[in-house]
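Worksheet: the structure to be examined is printed underneath.
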DNA sequence: CCTCAGGTTCGGCTCTTATCGAACCTAAGA
DNA sequence: TCTTAGGTTCGATAAGAGCCGAACCTGAGG
């Protein structure tokens with residue numbers, strides 16, 4: 001059963017839900033950063049510097065949390081997230097290795113974005129300009 | 136470069152795009168069915184019996200095609216699709232095994248959707264009632 | 001007590017996606 | 001040639017996903 005904070009148990013994780021969580025470039029980047037850190041590393045949402053507002057950040061971490069990719073624990077006035085590495089390895093063996101071997105394309109590497117922009121068709125949901133210009 | 140029919144080359148495939156294609160339960164089911172068949176099996180879009188209209192089917196196969204998961208070849212009056220197994224194994228080793236080991240949950244069985252609706256939480260992007268009932 | 005930093009929730013906005021029907025295209029076959 | 005089956009394209013529509021700011025909550029630390 002999903003607990004009060006929205007974490008599914010290991011058996012409740014579903015692959016399409018996890019893949020959906022990973023299909024957003026920001027969330028993909030978060031998981032990738034976790035994979036480069038030692039197991040069990042805890043980080044706050046804001047520490048990733050994703051360049052979005054707090055409410056948007058909260059939304060993305062909710063998707064990650066409810067898919068089962070990360071766990072968030074209340075630590076006093078803050079809230080620390082960590083990758084559920086063991087659960088994921090057990091439930092979906094090979095998934096984390098797949099991600100760690102495939103760095104995010106064009107969203108994280110700023111040096112070749114011009115070339116990537118030409119190669120990537122516009123139809124993918126990768127870049128979302130949104131209302132960055134403001135009202 | 137993407138060819139005239141929208142197939143990316145092996146090197147152009149991007150994991151988040153593939154994961155996005157797989158995050159839809161219908162498309163996930165198509166790939167899973169391919170994985171249960173012998174390598175190289177060709178099928179028409181309609182042969183999957185997904186219960187959606189032709190135009191919707193065409194849309195889903197376009198997403199699959201443009202992500203790189205399947206290839207569609209003109210065969211006279213028809214168009215046959217097959218899983219790009221070798222390309223996918225080379226580009227993302229472990230991905231296909233991951234899918235074949237995790238059957239789609241509760242979304243594919245149309246006969247007990249009422250029960251599945253009770254079991255699955257409403258928040259996941261798995262089930263889309265849409266306008267299935269029609270106007 | 002007050003302030004402050006990290007997160008959540010809410011309302012609202014825009015863009016995308018899944019879906020349909022209708023019209024059209026192509027090649028096989030009667 | 002006409003029909004037919006498989007697919008595509010074109011609107012249109014409803015739902016969802018990202019995004020924001022504003023208001024709020026919580027606990028640490030002055």
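Residue numbers (the numbering used here), protein chains in the order written: chain A, 1 to 135; chain B, 136 to 270.
The C-beta atom is built at its ideal place from N, Cα and C for all residues, glycine as well.
Buried or exposed: residue i, going by 16 or more other Cβ atoms within 10 Å of its Cβ?
| i | result |
| --- | --- |
| residue 139 of chain B | exposed |
| residue 99 of chain A | buried |
| residue 158 of chain B | buried |
| residue 230 of chain B | buried |
| residue 211 of chain B | exposed |
| residue 51 of chain A | exposed |
| residue 205 of chain B | buried |
| residue 274 of chain B | The requested residue 274 of chain B does not occur in the structure, where chain B is confined to residues 136 to 270. |
| residue 228 of chain B | exposed |
| residue 73 of chain A | exposed |
| residue 226 of chain B | buried |
| residue 36 of chain A | exposed |
| residue 17 of chain A | buried |
| residue 27 of chain A | buried |
| residue 238 of chain B | exposed |
Nearest to residue i by alpha carbon, out of the options?
| i | options | result |
| --- | --- | --- |
| residue 88 of chain A | A/64, A/49 and A/53 | A/64 |
| residue 85 of chain A | A/100, A/39, A/99 and A/29 | A/39 |
| residue 181 of chain B | B/172, B/192 and B/171 | B/192 |
| residue 49 of chain A | A/37, A/42 and A/30 | A/30 |
| residue 154 of chain B | B/190, B/201 and B/189 | B/201 |
| residue 215 of chain B | B/143, B/179 and B/149 | B/179 |
Classify residue i as helix, strand or coil using the three-state DSSP reduction.
| i | result |
| --- | --- |
| residue 85 of chain A | helix |
| residue 43 of chain A | strand |
| residue 230 of chain B | helix |
| residue 256 of chain B | Only weak support exists for where residue 256 of chain B lies, its pLDDT of 35 falling under 50; the value from the coordinates is given anyway. Coil at residue 256 of chain B, not helix or strand. |
| residue 10 of chain A | helix |
| residue 107 of chain A | Its pLDDT being 42, under 50, residue 107 of chain A is placed unreliably in this model, and the value from its coordinates should be taken loosely. Residue state, collapsed to three classes: coil. |
| residue 5 of chain A | coil |
| residue 19 of chain A | helix |
| residue 27 of chain A | helix |
| residue 172 of chain B | coil |
Bridge partners for residue i per DSSP, in chain order?
| i | result |
| --- | --- |
| residue 74 of chain A | A/79 |
Starting from residue i, trace the alpha helix (DSSP H) both ways and give me its first and last residue.
| i | result |
| --- | --- |
| residue 175 of chain A | This structure cannot settle anything about residue 175 of chain A, because the visible part of chain A is limited to 1 through 135. |
| residue 199 of chain B | 189-202 |
Is it the case that the CB of residue i approaches a heavy atom of the ligand NAP more closely than 7 Å?
| i | result |
| --- | --- |
| residue 56 of chain A | The model depicted lacks the ligand NAP and carries no ligand whatsoever. |
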